Each structure stands twice: as structure tokens, then as C-alpha cells.
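In this note's numbering, the protein residues as written are 7 to 706.
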């Protein structure tokens with residue numbers, strides 16, 4: 007493992023060091039030709055999206071570590087899912103799996119929050135969406151409670167919808183064909199319906215394909231659209247709609263480990279091979295945004311969200327191998343369950359851009375109201391069956407159990423909040439950002455089996471403060487503090503006995519530097535942080551089955567990312583993260599076993615990404631993506647270790663005409679066999695083998 011890490015970072019150093027020399031042979035005349043750009047230039051600042059601030063601050067003006075993946079970058083990376091997109095982020099690791107749809111780790115903690123245009127969305131269906139429907143994907147590292155109330159300690163992923171515009175957007179149609187008969191069709195465009203009065207945007211996508219695992223098939227369809235109305239010279243109204251459907255036959259839940267290791271011979275075997283095994287979901291998201299300039303420097307914004315999502319499962323999920331019976335595998339947990347999420351929210355705010363005590367000042371304040379409901383049905387996961395290791399029988403679900411899902415719980419959440427934020431320009435080079443949010447949370451849990459009801463009302467205050475110092479025109483030093491609130495477990499899945507436990511508390515201290523160098527041909531971002539979380543759930547040492555909110559975990563780390571374009575023909579983008587996460591106070595089991603000093607599960611110490619893009623001639627683009635994920639543990643006891651791995655993807659794209667582009671990509675070029683996540687004890691998800699895809703994109 008150590009040799010792999012040395013090899014990887016040696017390669018990173020060699021690649022970065024050698025680019026000016028490699029590019030030296032470029033003909034100056036040809037280098038001045040128009041080049042197909044596959045990602046934003048280093049000097050380009052991503053548009054403000056409300057991920058880390060509601061004051062329209064740029065990334066440079068924000069004293070937090072924030073990453074943005076534009077749609078051009080998403081396409082250049084070949085991302086087929088949002089999981090693909092966020093995996094390129096600094097320090098991010100994990101995967102979306104059938105049982106753990108939000109098992110992403112960042113800064114030593116998991117999960118992350120998922121936001122749609124600045125509001126956290128419930129459930130897991132949204133995360134399955136095709137990333138081509140978004141203008142950009144932003145990632146805030148660390149707590150976001152000063153903006154969003156209840157929010158994941160690790161960070162937040164904000165999905166920013168494509169916006170309609172009065173500037174016509176060319177229509178695009180793209181078709182991809184790949185290994186295992188996978189096919190994807192995407193298209194979109196926008197324009198005006200009435201000159202300077204109504205603008206529109208429409209995007210659609212669909213995909214269908216199998217995988218390396220027996221019988222697995224995945225299908226998705228999605229359509230999203232928006233209308234922009236210019237009501238007056240000062241007022242606009244934007245309406246958004248999004249409809250998504252997903253379906254997976256015989257979804258892959260993992261492979262049993264033998265002697266703690268994945269085995270090559272089991273790579274393609276699907277133990278969830280029931281004739282009617284399935285996961286399906288559908289979701290609808292609606293938004294209305296009203297913007298109005300009330301007076302010089304004063305603006306009003308009202309944003310309304312509605313979300314409805316439904317997802318159901320019917321599978322056998324858990325597989326266990328025993329050396330005492332080496333020819334068989336025990337599979338159990340025949341799960342028949344469903345989740346239904348509904349949410350309605352409204353946020354109103356007024357922003358003021360006006361000097362305060364002689365200093366330039368921007369401020370925003372407002373209120374937020376939201377209500378959500380979660381309905382959970384399940385069958386209790388009955389059934390157990392011993393099957394041949396290499397040839398599990400294919401049979402219907404009811405061959406093992408006739409127990410179907412029934413109502414289990416209903417959870418209702420009401421959230422009321424008032425917030426304010428201020429950016430004060432103390433000098434020409436020094437600014438202070440302050441954030442404050444007061445949240446009132448009313449929770450009601452209704453349990454059907456057995457019948458029981460619980461209610462809790464909580465109020466809490468979250469703050470954030472940061473200082474920015476522009477030491478030069480291109481370099482900014484910053485320092486910030488933020489605190490957060492989060493449930494000790496998923497708040498919608500707490501047992502009746504857990505509902506009385508307090509929310510967890512988190513505190514983050516961060517300092518860093520953001521710089522544009524080399525005549526704006528390069529950017530560098532560096533952050534150092536300490537993130538601590540209190541009130542982790544741990545078992546009582548005196549009352550069996552009782553949980554206490556007394557645990558604590560601390561994470562310290564360094565995150566670094568850089569982009570360089572030494573010539574018009576070369577671009578290098580990379581990041582590296584070191585994470586030191588440990589339990590300060592934590593225990594598991596009955597009787598409780600102290601795990602103080604252990605490393606939390608699914609948290610690798612090192613992660614890194616390196617992308618190199620080369621345009622040897624004007625129409626041709628060649629790209630390589632190298633990814634390293636260090637070893638981690640699959641359990642809090644640190645007894646099950648998952649090996650580190652390196653993957654390499656290669657891609658080529660050629661512009662046949664100004665409006666037609668063709669390309670090809672090979673993923674996992676070396677066909678590396680590795681596990682990238684655990685689903686249950688004794689089983690893990692084996693990553694996809696080497697795959698190929700080709701595509702053609704046409705602009706109209």
C-alpha cells in the first residue's frame with residue numbers, strides 16, 4: 007500500500023513538473039488556433055450559487071473550502087452519475103449503493119447533505135439523477151448549519167439547476183454506447199418565447215444497460231424544464247420542474263468476502279438473482295423563484311420548493327460465507343420496503359448592498375419555513391437460505407417468504423428559521439463574513455409496529471464567521487469558524503427509544519489560501535482544518551439496549567487542489583487530501599467495548615485525483631484520469647480492512663465539424679480488482695471491471 011502511494015505521488019510530481027517541457031514543442035502558430043476547451047480556465051470564477059453564502063460571493067471571497075464542477079467539467083470527466091461527479095472532489099470517498107445511497111465520506115465524517123438549489127432534500131432518489139441536468143455541482147467542505155439548519159457535519163453537495171436565459175442556447179443531442187449494452191441519450195437547449203419577456207430551458211435524458219454482474223439491469227429517464235418571466239424591468243419569476251424515474255432489476259448488493267478478501271471468481275456472480283428482485287423510484291421537484299429590485303441596492307427574493315419522492319425495494323440483501331461450509335453461501339434478509347418523502351418549503355429574504363459606518367457592506371436576512379413527511383414500510387427482513395457459492399438458484403421472492411411490506415413508521419418534521427448574513431469590507435484587502443441562523447425544529451414520530459408516538463421540539467442557534475485577507479491581487483488568506491447541528495442517526499429512522507437523544511454538535515476551525523498564479527494560468531487552493539463532533543450515540547454500560555449521546559470524534563486534515571494550463575495545448579488538474587480521523591470517546595457492542603483512538607469506518611487517510619488533458623492538434627483532445635484511494639476500515643472496531651487502490655481512465659474526443667464531436671473512453675484501464683464499499687459485515691461491493699464507451703454529440 008505504501009509503495010502504491012509513493013508510486014502515485016511520484017507520478018503526480020513527474021506529470022506536473024514535465025508539462026512545460028512537453029508543451030515546448032508546440033508550434034506557436036498552431037497553438038494560437040482555437041482550442042476545444044473541456045473545463046473552465048483557471049482564472050474563471052464559478053458563479054455564486056448560495057452553497058456557502060447567500061451574498062453572491064465568489065469562491066475567492068468566501069472564507070471556506072468550496073469546490074465547483076461546471077457542466078463542461080462534468081462532461082469532460084465522463085460522469086454518468088452524481089456519485090461519479092463528487093468522487094473527483096478533494097478528499098471525497100465512497101459510493102452510492104442499494105443499501106447505502108449516501109455513503110460518502112468527507113473530512114473524516116459521513117454522510118454529506120444533498121441540496122437542490124440551496125435547500126436540503128430528503129431521501130435518496132435525487133442522488134441518482136443524471137448530472138447533465140445541472141448547471142454546476144458545488145461542494146462545501148464542513149458544516150453548513152449556519153445556512154441550512156440541520157446539516158451534515160462532513161459537508162454539503164449543492165445541485166444547481168440549469169437556468170433559462172434571454173441569450174439563446176444552442177440545442178444539443180448526445181448518444182453514448184458502451185460495455186454491457188449500456189446506452190444513454192441526452193439532449194437540451196433553450197431560448198426565448200417572447201423577446202425580453204419569456205425565456206425557456208428544456209433538458210431530457212434516458213439510459214438503459216446491464217453491468218458486469220449477472221442479471222443486473224438499470225434504466226433511467228428524466229426531463230427538466232424552466233421558464234423565466236420578466237414581469238417588469240425590476241422583477242423576474244422563474245419556474246422549474248423536474249421529473250425523474252429509475253429502475254434496477256437484480257441490483258448488486260455485494261459479494262461475500264472469503265478470508266476477508268474479495269475473490270476474482272466471484273466478480274460477476276449476483277446473489278440477488280431473484281426473478282423479481284427490483285429497486286424502482288420516481289421523484290418530482292418543483293420550484294418558483296421571485297426576484298425583485300426594490301430600490302437602489304435593495305433586492306427581494308422568494309424561493310419555494312416542492313418535492314415528492316417514492317422508492318421501493320424487493321431483494322435479498324445479505325450474504326455470508328463460512329469456512330465450515332466452503333461450497334455454499336448463506337443469503338438472508340429478504341427485504342420488501344418503501345420510502346415516501348414529501349417536502350414543501352419557502353424562503354424569503356431581503357438583501358442590502360449599502361455602506362455601513364463608512365465601510366462597504368453587503369447583508370441579507372430572511373425567514374424560512376418548511377414541512378416534510380416520511381412514510382416507511384417494510385417487512386422485517388425475514389428469510390434465510392444456503393445456496394451454492396458459484397451457482398445460486400434463480401427463483402421468485404415468495405419462494406422463501408410471503409411476508410410483504412406494511413406500514414412501519416411515519417415521521418413529520420416542521421422547521422422554522424430566521425437567518426442573517428453580513429460581509430463587511432474592513433479595508434481594501436480585508437473583509438469579514440458573519441452568518442447566523444436560529445432554527446426551531448418540531449418532530450413527530452408515529453410507529454405502527456408496535457403502536458407508539460413520540461414528539462420532540464428543539465431550538466438551536468448556528469453561527470459562522472470568517473476573515474479574508476487579500477495579500478496580493480491574486481492571493482487570499484482566510485480563516486473561519488463554523489458550528490453545526492445534525493441528528494446522531496438519520497432523523498427519519500430513529501427508533502422510539504432514540505428520539506429523546508440530543509442532536510449532535512460540531513465545530514470546525516479552518517484556515518487556508520486561494521491563489522491565482524502565472525498570469526492567471528494556474529490556481530492553487532489549500533486548506534487546513536480541525537472538525538469535531540460531539541453527542542455520538544454509544545451504548546450504555548449499565549442499561550442493556552440503551553443508547554447515550556456522549557461520544558466524540560475529531561478529524562484533522564489538509565486539502566490541496568491546483569489547476570494549471572502552461573500552454574493552450576495542456577491542462578493539469580489535481581487534488582490531494584490527508585485525513586486523520588479518530589474516535590475520542592466511543593464504544594460499541596453489549597457489553598460496550600471502548601473504541602477510543604480507533605479510525606472511523608470508510609475514512610481513508612489519503613485520497614487524490616489527477617487529470618491531464620492534451621490537445622495535440624486543434625480538433626483532438628486526449629485525457630487521462632488517475633485516482634488513488636487509500637486503505638480504510640469497514641468497521642469501527644478496525645478489524646476489517648479494505649485495501650487501497652489506483653484506477654486509470656483514458657479518453658479521446660475529436661471534433662469532426664464545428665457542430666459534431668465523437669469520442670471514446672476506457673474506464674479502469676488496468677482492470678484492477680478492488681472493493682470500494684461494504685454493505686453488510688462479511689460482504690463488499692466489487693468495483694466495475696474495465697469498460698468502454700463511445701459517443702457522438704451534435705449541436706444545432
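A virtual CB, placed ideally from N, CA and C, is assigned to each residue, including glycine. Just so you know, these numbers come straight off a predicted model, no measurement behind them.
Going straight from the alpha carbon of residue 572 to that of residue 524, what length do you get?
-> 9 Å
Cα-Cα, which of 397, 588, 346 and 539 is closest to residue 499?
-> 346
So, do the region 121–134 and the region 684–695 have three or more beta carbon pairs nearer to each other than 8 Å?
-> no
Do you know how far the Cα of residue 575 is from the Cα of residue 297?
-> 42 Å
Please say whether residue 584 and residue 180 have beta carbons closer to each other than 8 Å?
-> no
Go ahead and label residue 143 buried or exposed: buried means 16 or more other beta carbons lie within 10 angstroms of its beta carbon, across all protein chains shown.
-> buried
Output the boundary residues of the beta strand (DSSP E) element that contains residue 333.
-> Run containing residue 333: none; DSSP gives neither H nor E here.
Since residue 539 sits in a beta bridge, which residues does DSSP pair it with?
-> 512 and 559
At which residues does the beta strand (DSSP E) containing residue 491 begin and terminate?
-> 481–492
Nonlocal neighbours in the same chain, by C-beta distance under 6 Å from residue 442, ignoring five residues either side = 426 and 469
Return the chain-ordered ranges of every beta strand (DSSP E) run that is complete within the region 270–306 and spans a minimum of 3 residues.
-> 284–301
Endpoints, beta strand (DSSP E) assigned at residue 463 | 457–476
State the start and end residues of the unbroken beta strand (DSSP E) segment that holds residue 421.
-> 412–431
What does residue 253 pair with, by DSSP beta-bridge criteria?
-> 225 and 286
Cβ shell of residue 320 (< 7 Å), same chain only, five flanking positions each side left out | 282, 283, 284, 342 and 403
Among the residues of its own chain, which have a CB less than 7 Å from the CB of residue 388, if the five just before and after it don't count?
-> 340, 407 and 409
Given 8 Å as the limit, is there contact between the region 174–192 and the region 148–160, that is, 3 or more CB pairs closer than that?
-> no
Could you pull the start and end residues of the alpha helix (DSSP H) that residue 79 belongs to?
-> 77–83
Buried or exposed by the 16-neighbour rule on C-beta atoms within 10 Å, applied to residue 189 = exposed
Does the distance from the C-beta atom of residue 252 to that of residue 278 stay below 8 Å?
-> no
Let me know the beta strand (DSSP E) ranges lying completely inside the region 318–406, each 3 residues or longer, listed in chain order.
-> 334–359, 367–384 and 390–394
Just the C-alpha distance for residue 370 and residue 354, rounded to the nearest angstrom, thanks.
-> 10 Å
Name the DSSP bridge partner or partners of residue 638?
-> 648
Look at the alpha carbon of residue 698 and the alpha carbon of residue 219, and state the distance between them as a whole number of angstroms.
-> 16 Å
Name the one or two DSSP bridge partners that residue 316 has.
-> 288 and 346
Spatial neighbours of residue 666 within its chain, please: CB distance less than 6 Å, with the 5 preceding and 5 following residues excluded, ordered by chain position.
-> 704
Within 10 angstroms of the Cβ of residue 261, are there 16 or more other Cβ atoms? Answer buried if so, exposed if not.
-> buried
Which whole-angstrom value describes the C-beta separation of residue 570 and residue 578, a residue pair presumed to lie in contact below a C-beta threshold of 8 Å?
-> 5 Å
Should residue 656 be flagged as near chain B, meaning a C-beta pair shorter than 8 Å?
-> This model lacks chain B altogether; it includes just one protein chain.
Going by DSSP, name the residue or residues bridged to residue 94.
-> DSSP lists no partner for residue 94.
Taking the C-alpha atoms as reference points, what is the distance between residue 506 and residue 87?
-> 37 Å
At which residues does the beta strand (DSSP E) containing residue 153 begin and terminate?
-> Element bounds for residue 153: not the beta strand (DSSP E) but the alpha helix (DSSP H), 151–154.
Per-residue DSSP class, three states only, for residue 504 = helix
Bounding residues of the beta strand (DSSP E) (the contiguous stretch that carries residue 177) = 175–184
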